[in-house]
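For reference, the structure discussed in these notes is given below.
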Amino acid sequence: MKQFVSHMLWVGLITGATSAYAQPVPKISSNQYNPAMSLIINGKYSQFSNDPDNYTIAGFALGEETGPGEEGFNLGESELTITANIDDLFYGSFTAALTAEDEVEVEEAYIETLGLGSGFTIKAGRFFSGIGYLNQHHAHSWDFVDQPLVYKAILGNQLGDDGVQVRWLAPTDFFLEFGVEAYRGDSFPAGNAANSGKGTSTVFFHTGADINVSHSWQAGMSFINAEAEARETGSPAESFTGDSRITAVDFVWKWAPQGNPKQTNFKLQLEYFLRQEEGTYQSNNYDADQQGYYVQTVYQYMPKWRVGLRYDALSADDPGVAFNGTALDTQGHDPERWSAMVDWSRTEFSRLRFQYSRDDASPDSDNQFYLQYFMSLGAHGAHRF
Amino acid sequence: MLRIFIVLGLSWLAFSAHAAGKLQVFTCEPEWAALVNELAGDRTAIYQATTALQDPHHIEARPSLIAKMRKADLLVCSGAGLEAGWLPLVIRQSANRNILPGQPGHFEAAMQVSRLDVPERVDRSLGDVHAQGNPHVHLDPRRVLQIAAALRDRLMMIDAGNSQYYQQRYTAFETAWRDAIKQWEAIAKPLRGVNVVVHHRDSVYLFDWLGMNIVVSLEPKPGIAPAAGYLGEVKQHLKQQPADLVVYAAYQHSRAARWISREMNIPLVKLPYTVGATPTATSLKGLFDDTLSHLLAALGQSS
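The listed protein sequences derive, respectively, from chains A and B.
Going from the first sequence to the numbering used here is simple: count from 1 and add 1328.
Going from the second sequence to the numbering used here is simple: count from 1 and add 131.
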């Protein structure tokens, strides 16, 4: 009883003390519930030794906008993201991006459940697929100016479409997540919304853990099944109708001494993709495998400064003489590319970057120079691992 | 393959059943892990997301954190924007309803007390300012007690079955803590009015409690690392307005603090900042004992 009385007394004192430090009362106004807005201004200056309009990757029929971009000054890939919790069950996100062709496109517009329970999350709308590692990352969080060659060649830059995703996070001590997705099938490597607008489906899982406070890793495996109906690529357009099956593995390892990435950190990242396509290409029967990988390392050797090195390699089966002169003609060449970059960040909201790539995607080598800046205005959400 | 899944599934069930008896608590920083331990002891399984040597502003949203968050019944963090760079993403990816903002399982310590340094204007040109005020509230023992009372209420709400136990633990903690505050305030008298140079404004509450004054900060703007040019300005400033101590936290780089201490011939003090950073700061009480003994020793007065 005595204890209880003394407890009540303290509660009184604490409450009294709390009101002494009164907090300002929030004002109620109509813009109180405005969503968080984040604008990324991404400007670059590019210079290439070859004409980017004639860009090809030997043996691959490329989707739209997979080249190195325009030469000169360019504001491509700037993006505006608006996010908010819709209510206690739904979260929404909308991203509009400026393309390299100076057009505005809706990159993502989706809703996602919040705390559905039992580890389940459902996402619906237009969004980047959960396959692979880099696929879900927006351009401003890439470590290099452009996508790895394998993403350009196999996924048409990045797999994103209108659809639905279900993820399940296992109740394990380490990270283990499974996901399945169904998409309309309008985006490369599918085309023209085959199968009554259910043209693409995927299955993926990711796992990861910490080795100790300084080292952590994540690995994953993904499968994509896409149906292409008169998928047009290149110019003049070549058409493919058939099945496209992709298997991918990804691995990321990060090191930050004592778990303080702001000081120094190191990141190793690699992904491998195998694409098996079967169908009709320009009225010829086509059945061939194409594959590729990239491996990259980024090292922040002191606060604000990072250096990175990336190697890309691709190879395509020779589809036969019937395809000579088409985009699928390998010309006996296995595409590869070396890229090196250095960047400087004043804070996590601004970054300047220089990149050089020696691009042997086609038999004619291209030297590519980029100067790039990213500026993040407004709310800036956390980055994925 | 199917058999492997069955075996894995059954082991999870067994594991969950084993862990079911305990309240799963995800703590962002060591100070809150220590406080939960004081109030809930072995009735909880505590996961501590960061170590005393990590900068809690800059943590990666690692897969392991998402896995731990998935199972949490209660999240105890500083809040007020301290973990804005990683916690919201971890919460969202964990698919866990218990710990969503607004739920009883979402406890932000800094939001339970009044905060200092609430900016009149929020603009990134001012550096990493927190709109809701300075979130490093745990270095004022008076505020720690207010937070402890709020946390006790939260524990009793979430885990009503153990209410009595939490109340007992709190009462014991409170009695010991009030005695400790008296002792600390007594021995800290010589620190009143002492002028300090800080690295980051993460010890504002400590100095507010002890009546010490912050003369200047080594970071030009909160969260922006000290650069040579700015340190020159700090030096000029210190010639006009001298300081008695240069203070930095164990998780910070000591270079700038060392340099200014040497240049201006001001004693340098490394403070633990949180539980676990020094061999003696092994509990919340140990943290304050150790902090005060370092400050007093540097002032040339033995505690």
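All C-beta atoms in this analysis are idealised placements derived from N, C-alpha and C, irrespective of residue type, glycine included.
Keep in mind the model is a prediction, meaning the values are calculated, not measured.
Straight-line measurement puts the Cα of A/T1561 at about 22 Å from the Cα of A/T1575. As the crow flies, the alpha-carbon of B/A198 is around 15 Å from that of A/L1444. Identification of chain B residues near A/P1589 by a Cβ-Cβ cut-off of 7 Å yields H189, E191, ordered along the chain. Three or more pairs of CB atoms, one per stretch, sit closer than 8 Å, so the region 1639-1650 of chain A contacts the region 1603-1622 of chain A.
Linking A/Q1624 to A/S1515 through their CA atoms gives a straight-line distance of about 27 Å. For B/I289 against B/G233, the beta-carbon gap comes to about 14 Å, at or over 8 Å, which does not count as contact.
Using beta-carbon distances, B/Q371 does not count as an interface residue toward chain A, since no partner is under 8 Å.
Between A/A1537 and chain B, the shortest Cβ-Cβ separation is below 8 Å. Bounds of the beta strand (DSSP E) holding A/D1640 are 1633-1644. Contact note: A/S1544 reaches chain B through E191, R193, P194, S195, using a C-beta cutoff of 8 Å and chain order.
For B/S424, the enclosing alpha helix (DSSP H) stretches over residues 415-429. Look at A/F1677 here: in three-state DSSP terms it is coil, with no helix or strand label.
Between B/R223 and A/L1417, the C-beta spacing is not below 8 Å. At least 8 Å separates the beta-carbon of B/S195 from that of A/A1710. The continuous stretches of alpha helix (DSSP H) do not include B/R255, and DSSP gives it neither H nor E. Runs of the alpha helix (DSSP H) spanning 4 or more residues and lying entirely within the region 1455-1487 of chain A occur at 1477-1483, in chain order.
Look at A/Y1461: its C-beta is not under 8 Å from any C-beta on chain B. Rounded to the nearest angstrom, the gap between the Cα atoms of B/G292 and B/L154 is 11 Å.
Closest option to A/A1565, judged by alpha-carbon separation, among A/T1427, A/S1678, A/A1655, A/D1474: A/A1655.
Taking C-alpha positions only, B/A307 is separated from B/Y404 by approximately 21 Å. In the structure shown, B/K202 falls within a coil segment according to DSSP collapsed to helix, strand and coil. Any Cβ of chain B closer than 8 Å to the Cβ of A/P1691 would place that residue at the interface, and such an atom is absent. Apart from sequence neighbours up to five positions away, the residues of its chain that approach B/L218 with a beta-carbon distance below 7 Å are C159, C208, ordered along the chain. If you check each beta-carbon in the region 1589-1606 of chain A against every beta-carbon of chain B, the ones closer than 8 Å belong to P1589, K1590, Q1591. Interface residue (Cβ-Cβ distance to chain A less than 8 Å): B/W340 is not classified as such. In the DSSP assignment, A/E1436 falls within the beta strand (DSSP E) that extends over 1432-1441. A Cβ-Cβ distance of about 7 Å is found for the pair B/W340 and B/R273, placing them in contact under the 8 Å criterion. Checking the DSSP bridge columns, you'll see A/Q1696 partnered with A/F1376, A/S1685.
A/V1626 and B/G431 have their C-alpha atoms spaced approximately 46 Å apart.
Going by beta carbons, A/N1463 and A/E1393 fall outside the 8 Å limit.
Counting every other CB atom within 10 Å of its CB across the protein chains shown gives B/F338 a total of 16 or more, marking it as buried. When the five nearest sequence neighbours on each side are left out, the beta carbons in the same chain lying within less than 6 Å of the beta carbon of A/Q1604 are those of R1573, D1617, in order along the chain.
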